[in-house]
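Right, dumping it as structure tokens:
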């Protein structure tokens, strides 16, 4: 039996995933988390065969959540389900320690097979993710650190530096420093330019 932890802040998404997984006799949804902090607490207290994670949740989330879970349970596979495009985000998720990355649009068709694959020790890399890994440093945003990329994600979502600092457990000054470095690396001048760049390159 494959014991699964589901972590997504939308109950309707968790309900849908649970129904898909419940149709298989070899898979059991052992626990659910509505945010990253709850997911981390559950993983610290219990053993699961696979964690299925959303990247955009309240509290600890994104690449930070992947890295923390990997530290807590190095052998536990992490299957990321996200609305973010695979071609831009999957490579970073895989490098951070995820075993697989699926876009939510394709989850219904691939979830069961990919989940079984990672539970058995495998890795799933989609075509778009593979292309992004091969692309390396060809695009300017590949030079951004994971932390800078997370700050950019929150900026695109319309959050203020204060809100981002609280979400990522950083100081406002540190968030501003990351933003300044992003502007330099991408040769841009303002927050509006950063948001426009991210949208034009379909980063989020």
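Numbering (my numbering), first residue to last: 6 to 209. Quick reminder that beta carbons are idealized off the backbone N, C-alpha and C, glycines included.
In the DSSP assignment, residue 106 falls within the unbroken beta strand (DSSP E) covering 105-108. The residues 60, 209, in chain order, have a CB closer than 7 Å to that of residue 89 in the same chain once the five nearest residues on each side in sequence are set aside. A direct Cα-Cα distance of roughly 14 Å separates residue 86 from residue 25. Only buried fits residue 184, as 16 or more other CB atoms lie within 10 angstroms of its CB.
For residue 85, the enclosing beta strand (DSSP E) starts and ends at 83-87. Annotated three-state conformation of residue 8 is strand, per DSSP. Under the three-state reduction of DSSP, residue 48 is assigned to helix. In this structure residue 81 is not in contact with residue 14, their Cβ atoms being roughly 20 Å apart against a cut-off of 8 Å. For the set 69, 193, 116, the Cα lying nearest the Cα of residue 21 is the one of 116. Taking all protein chains in view, the Cβ of residue 51 is surrounded by fewer than 16 other Cβ atoms within 10 Å, so the residue is classified as exposed. Nearest C-alpha to residue 101 among 72, 189, 109: 72. According to the DSSP assignment, residue 130 belongs to no beta strand (DSSP E), since it is labelled neither H nor E. The three-state reading of DSSP puts residue 58 in strand, counting E and B together. Residue 181 and residue 107 have their C-alpha atoms roughly 32 Å apart. Under a 10 Å Cβ-count criterion, residue 69 is classified as buried, with 16 or more other Cβ atoms of the shown protein chains found around its own Cβ.
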